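Each residue of the sequence shown is one higher than the one before, counting from 1 in UniProt numbering.
For every residue, glycine included, the Cβ atom is placed at its ideal position computed from N, Cα and C.
In this text, all values refer to a predicted model and were calculated from it rather than measured experimentally.
Report on one structure; see the data block that follows.
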Amino acid sequence: MGRVLVWLIAAISFLAFSLQPAMSEPKHAIAMQGEPALPADYTHFDYADPDAPKGGNITYCFVGSFDNLNPFILKSLRTTARGMMDLNYGNLVFEPLMTRNYDEAFSLYGLLADSADMDPERKSIEFHLNPDAKWSDGEPVTPEDVLFTYDVFTDKGRPPYRDRMSLIAKLEKTGDHSVRFTFNDKANRETPLIIALTPIIPKHAFDKDTFDKTTLKPLIGSGPYTVDKIQPGQRIVFKRNPNYWGKNLPSKRGFDNYDQITIEYFLNANAKTEAFKKGICAIYDEGDPVKRERDIDFPAFHRGEVIAETFDTGIPPVVTGFLFNTRLEKFSNPVVRRALGMLYDFEWANKNLFGGKYTRTMSYWQNSELSALGHPASDREKALLAPYPGRVPADVMDGTWRPPVNDGTGQDRKVLKVAFDLLKSQGYAVKDGVLQDPKGNPFGFEILTASQDEERFAAIYQRTLEKIGITVTIRSLEADQIQSRKQRFDFEVLIGSSGFSNSLSPGIEQSFRWGSSEAKREGSFNLAGVADPAVDAAIDAMLRARTKVDYVAAVRVLDRLLISGNYMVPMQYNAQQWLAYWNYLDHPKKTPIFGYQWPTWWRKAN
Numbered sequence: 001m002g003r004v005l006v007w008l009i010a011a012i013s014f015l016a017f018s019l020q021p022a023m024s025e026p027k028h029a030i031a032m033q034g035e036p037a038l039p040a041d042y043t044h045f046d047y048a049d050p051d052a053p054k055g056g057n058i059t060y061c062f063v064g065s066f067d068n069l070n071p072f073i074l075k076s077l078r079t080t081a082r083g084m085m086d087l088n089y090g091n092l093v094f095e096p097l098m099t100r101n102y103d104e105a106f107s108l109y110g111l112l113a114d115s116a117d118m119d120p121e122r123k124s125i126e127f128h129l130n131p132d133a134k135w136s137d138g139e140p141v142t143p144e145d146v147l148f149t150y151d152v153f154t155d156k157g158r159p160p161y162r163d164r165m166s167l168i169a170k171l172e173k174t175g176d177h178s179v180r181f182t183f184n185d186k187a188n189r190e191t192p193l194i195i196a197l198t199p200i201i202p203k204h205a206f207d208k209d210t211f212d213k214t215t216l217k218p219l220i221g222s223g224p225y226t227v228d229k230i231q232p233g234q235r236i237v238f239k240r241n242p243n244y245w246g247k248n249l250p251s252k253r254g255f256d257n258y259d260q261i262t263i264e265y266f267l268n269a270n271a272k273t274e275a276f277k278k279g280i281c282a283i284y285d286e287g288d289p290v291k292r293e294r295d296i297d298f299p300a301f302h303r304g305e306v307i308a309e310t311f312d313t314g315i316p317p318v319v320t321g322f323l324f325n326t327r328l329e330k331f332s333n334p335v336v337r338r339a340l341g342m343l344y345d346f347e348w349a350n351k352n353l354f355g356g357k358y359t360r361t362m363s364y365w366q367n368s369e370l371s372a373l374g375h376p377a378s379d380r381e382k383a384l385l386a387p388y389p390g391r392v393p394a395d396v397m398d399g400t401w402r403p404p405v406n407d408g409t410g411q412d413r414k415v416l417k418v419a420f421d422l423l424k425s426q427g428y429a430v431k432d433g434v435l436q437d438p439k440g441n442p443f444g445f446e447i448l449t450a451s452q453d454e455e456r457f458a459a460i461y462q463r464t465l466e467k468i469g470i471t472v473t474i475r476s477l478e479a480d481q482i483q484s485r486k487q488r489f490d491f492e493v494l495i496g497s498s499g500f501s502n503s504l505s506p507g508i509e510q511s512f513r514w515g516s517s518e519a520k521r522e523g524s525f526n527l528a529g530v531a532d533p534a535v536d537a538a539i540d541a542m543l544r545a546r547t548k549v550d551y552v553a554a555v556r557v558l559d560r561l562l563i564s565g566n567y568m569v570p571m572q573y574n575a576q577q578w579l580a581y582w583n584y585l586d587h588p589k590k591t592p593i594f595g596y597q598w599p600t601w602w603r604k605a606n
């Protein structure tokens, strides 16, 4: 009897253990697809110089304003001071558990957490906090801080931070320096990486009751800098934390090289350009090749004090264009949007404004294997689209679709006729020189612009649309006004500021941009108001893909659906990044696939 009892106890214990998620050994890095490129004993990212000199200062310049330092709340979301959590200037104050290597599609390496255990099915992940991690006030980073972060983000944070708890079945402290996330059925294979990238905030330094209020009080974070000075709406100054805990981590070697970082705000792009010429701004980035050649034609450039340089990247170009608010009845018909999409005269603009140096944007993942262009739909893609017959036109399905090509004169009547015939097929007609919708109302719309460049693009579009009786008005607003209008979806058409940066590893951000659940949520990034079950299904398939083949198929389906939906009229891009900068700056020799990384630059010693 004793032996039977011992056997039963052992069997029950084994069964209970076997039902737990199978965890792997702790790893220094995790990847969305395959394995991370760098070994556990890596010393630094290849695009950072571990011997970069430290010291000096830099001033970045930005068009806009700010009235808030908390980047995690909805209020003043789009007027939060740059640099707190920032893709361009660096995460100066707040840090996530793990950080990206920008020379890989999507791999994360240790930061606040020095390692992670992720079960093969990605149903759970346990993070092991670096015992040396500290907040800027010297307090240690603890599991309680991680738990508090998710608690306050869920109740008071902005999307997408507040939504992440909905993917978590259990969040628990598992040791003095460890926390485990167990996911529910709403989660997908990218979820552990999104959790790893979520910034962590200190429990002792935030009041949950007032967390959702804007503040200009310097906040405590774990990052390499602290807020030194604030001039609301005009300037924010960060100073290096001499006691920054992570300065010797492999993922931080060669980063954060300035003693002081200042971000100056300007009302418009022209003022910012003039400030660069005067030496106030250290760096000048401009996408328009004609404008940049004109703007750097000044004495300091000719004396060699300002350097102009191009950088090659390996990522899809940013998609910019005229974005329709499809919540409005006038833009609810995709055939009407397709006709409107034909009427941007790229050839004329490229010839007359850009010196022929631009390429037409046609895909959301152009120049990559994820693009639908040139790729006939595979059997996997057809299976994903089978529940939604007719959603994708034949030419988009077989990869041959291209936007119409104008003759460059600005007077190409062939393209106008094709677009007008499409509108006629939907009940539109011209009366007394004015295009009328099927109800007999004049058809027209307003384009919001935030700069002279945007006004110029809008005027090109306006000129063509007026030839078939569409009345277009152009309204110029300050950047903060446009941000406010975007947050409330109070617009008809946006330009320029509706650009989308896409990567070689698209993920959950696609649901924020295009998912039905975000279409009516105030402050969401689904500016177009897309609410399409086919798009939702494609995003879901992408997030759940277990193999590279399935992943590529799902992204191409999403690309075909976005092209077919005509939610925006893409304009143009230049494949290379261009920068002008004062010669007291220097940067690493290697450029990663995501392009130049300002946090790895440094100021030359005098």
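Spatially closest choice to residue i from the options, by CA coordinates
{"i": "Pro588", "options": "Asp46, Ser76, Pro26", "result": "Asp46"}
{"i": "Val418", "options": "Tyr60, Arg338, Lys173, Cys61", "result": "Arg338"}
{"i": "Thr99", "options": "Asp137, Gly223, Gly55, Tyr161", "result": "Gly223"}
{"i": "residue 615", "options": "Glu95, Thr142, Thr310", "result": "Residue 615 is absent from the structure shown; the chain starts at 1 and stops at 606."}
{"i": "Gly444", "options": "Thr464, Trp348, Asp132", "result": "Thr464"}
{"i": "Pro50", "options": "Leu585, Arg253, Gly34, Thr226", "result": "Arg253"}
{"i": "Gly529", "options": "Ala541, Ile230, Gly515", "result": "Gly515"}
{"i": "Tyr458", "options": "Lys229, Phe276, Phe322", "result": "Rather than Tyr, the amino acid found at residue 458 in this sequence is Ala. Checking every option, the nearest Cα to that of Ala458 belongs to Phe322."}
{"i": "Phe354", "options": "Tyr581, Arg292, Glu329, Asp103", "result": "Arg292"}
{"i": "Val569", "options": "Lys156, Tyr344, Asn502", "result": "Tyr344"}
{"i": "Tyr461", "options": "Ser251, Leu370, Ala349", "result": "Ala349"}
{"i": "Phe127", "options": "Trp135, Asp137, Pro143", "result": "Pro143"}
Buried/exposed call for residue i, threshold 16 Cβ in 10 Å
{"i": "Thr547", "result": "exposed"}
{"i": "His28", "result": "buried"}
{"i": "Lys431", "result": "exposed"}
{"i": "Pro131", "result": "exposed"}
{"i": "Gly440", "result": "exposed"}
{"i": "Ser178", "result": "buried"}
{"i": "Lys217", "result": "exposed"}
{"i": "Ala534", "result": "buried"}
{"i": "Leu19", "result": "Caution is warranted here: a pLDDT of 43 is assigned to Leu19, below 50, making its placement in the model unreliable, and the coordinate value is therefore given only provisionally. Exposed, by the Cβ-count rule."}
{"i": "Asp137", "result": "exposed"}
{"i": "Glu104", "result": "buried"}
{"i": "Thr174", "result": "exposed"}
{"i": "Gly341", "result": "buried"}
{"i": "Ser425", "result": "exposed"}
Distance between beta carbons of residue j and residue i, contact taken as under 8 angstroms
{"i": "Trp602", "j": "Pro53", "result": "6 angstroms"}
{"i": "Leu167", "j": "Thr182", "result": "Incorrect: roughly 10 angstroms between the Cβ atoms, too far for contact."}
{"i": "Pro199", "j": "Met85", "result": "6 angstroms"}
{"i": "Leu448", "j": "Leu477", "result": "6 angstroms"}
{"i": "Ile236", "j": "Ala372", "result": "At roughly 42 angstroms, the Cβ-Cβ gap does not stay under 8 angstroms, so Ile236 and Ala372 are not in contact."}
{"i": "Tyr42", "j": "Val318", "result": "Incorrect: roughly 30 angstroms between the Cβ atoms, too far for contact."}
{"i": "Asp559", "j": "Ser363", "result": "6 angstroms"}
{"i": "Ala113", "j": "Glu381", "result": "Actually they do not touch by this definition, with Cβ atoms about 37 angstroms apart."}
{"i": "Ser332", "j": "Leu111", "result": "About 45 angstroms separates the two Cβ atoms, so there is no contact after all."}
Spatial distance of residue i from residue j (CA atoms)
{"i": "Tyr60", "j": "Ile263", "result": "5 angstroms"}
{"i": "Val392", "j": "Gln510", "result": "19 angstroms"}
{"i": "Phe489", "j": "Lys520", "result": "9 angstroms"}
{"i": "Asn241", "j": "Ile474", "result": "46 angstroms"}
{"i": "Ala605", "j": "Ile563", "result": "50 angstroms"}
{"i": "Glu492", "j": "Lys486", "result": "10 angstroms"}
{"i": "Gln452", "j": "Lys414", "result": "30 angstroms"}
{"i": "Val396", "j": "Thr409", "result": "27 angstroms"}
{"i": "Asn257", "j": "Pro159", "result": "32 angstroms"}
{"i": "Ala269", "j": "Gly314", "result": "28 angstroms"}
{"i": "Gly595", "j": "Asp437", "result": "45 angstroms"}
{"i": "Arg162", "j": "Asp207", "result": "16 angstroms"}
{"i": "Ala386", "j": "Arg556", "result": "15 angstroms"}
{"i": "Gly90", "j": "Pro299", "result": "31 angstroms"}
{"i": "Pro202", "j": "Asn188", "result": "28 angstroms"}
{"i": "Gly279", "j": "Thr226", "result": "25 angstroms"}
{"i": "Asp285", "j": "Pro389", "result": "44 angstroms"}
{"i": "Leu370", "j": "Met542", "result": "11 angstroms"}
{"i": "Ile195", "j": "Asp297", "result": "46 angstroms"}
{"i": "Arg360", "j": "Trp401", "result": "13 angstroms"}
Length at least 3, wholly inside the segment 218 to 278: the beta strand (DSSP E) runs in chain order: Complete beta strand (DSSP E) runs here, min 3: 225 to 231, 235 to 240, 260 to 266.
Within the segment 391 to 448, ranges of the beta strand (DSSP E) (whole runs, at least 3 residues): Entirely contained in the segment 391 to 448, the beta strand (DSSP E) runs reaching 3 residues are, in chain order, 429 to 431, 434 to 436.
Residue ranges of each alpha helix (DSSP H) within the segment 77 to 153, 4 or longer: Counting whole runs of 4 or more residues, the segment 77 to 153 contains no alpha helix (DSSP H) stretch at all.
Segments assigned beta strand (DSSP E), at least 3 residues, entirely inside the segment 530 to 582: Listed in chain order, the complete beta strand (DSSP E) runs (minimum 3 residues) inside the segment 530 to 582 are 568 to 570, 577 to 582.
Inside the segment 289 to 337 only - beta strand (DSSP E) runs reaching at least 3 residues: Taking only runs of at least 3 residues, the beta strand (DSSP E) segments lying wholly in the segment 289 to 337 are 306 to 311, 321 to 324.
Residue ranges of each beta strand (DSSP E) within the segment 172 to 226, 3 or longer: Correct list: 178 to 183.
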